[in-house]
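S.K.: In my numbering, the protein residues as written are 8 to 90. Idealized CB from N, CA, C, for every residue including glycine. Here you go, one structure.
Structure (structure tokens):
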């Protein structure tokens, strides 16, 4: 069964796939891009609630709609479109 392809945060090609653990003592599942070769551990990636794309967890900004509202996090691309 083929896994769903995602947009790569590095090269933006629709070529990033979830891969099973490979080699090593305690290999981790990961996402790998077949276009640029970039790779991220699965636990380091999150879906953006704004665009629904997988992004590295460190690339999110807190978005607060009004002072009394609780903020939520969106990717930098979505944040730039809103602010």
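#1: Residues bridged to residue 40 by DSSP?
#2: Specify the secondary structure class of residue 8 as computed by DSSP and reduced to three states.
#3: Nearest-angstrom Cα distance between residue 8 and residue 26?
#4: How is residue 82 classed by DSSP in three states: helix, strand or coil?
#5: Output the boundary residues of the beta strand (DSSP E) element that contains residue 68.
#6: So who's on the other strand from residue 63, going by DSSP bridges?
#7: Buried or exposed for residue 36, going by 16 or more other Cβ atoms inside 10 Å?
M.R.: By the coordinates alone:
#1: Along the chain shown, one-based indexing puts residue 40 at 33. DSSP, once it has assigned bridges, lists 23 as partnering residue 40.
#2: Reading the chain shown from its first residue, position 1 is the one you call residue 8. Note on residue 8: pLDDT 46, under 50, position unreliable in the model; no value is reported.
#3: For this step, residue 8 is matched to residue 1 along the chain shown. For this step, residue 26 is matched to residue 19 along the chain shown. Because residue 8 sits at a pLDDT of 46, beneath the cut-off of 50, its placement in the model cannot be relied upon, and the point is left open.
#4: In the chain shown, residue 82 corresponds to position 75, counting from 1. DSSP places residue 82 in strand when its eight states are reduced to three.
#5: Translated into the one-based positions of the chain shown, residue 68 becomes position 61. Membership of residue 68 in the beta strand (DSSP E) is indicated by the continuous run 67 to 70.
#6: To locate residue 63, count along the chain shown from 1; it is residue 56. Under DSSP, the beta-bridge partners assigned to residue 63 are 52.
#7: Residue 36 sits at position 29 when you count from the first residue of the chain shown. Label assigned to residue 36: exposed.
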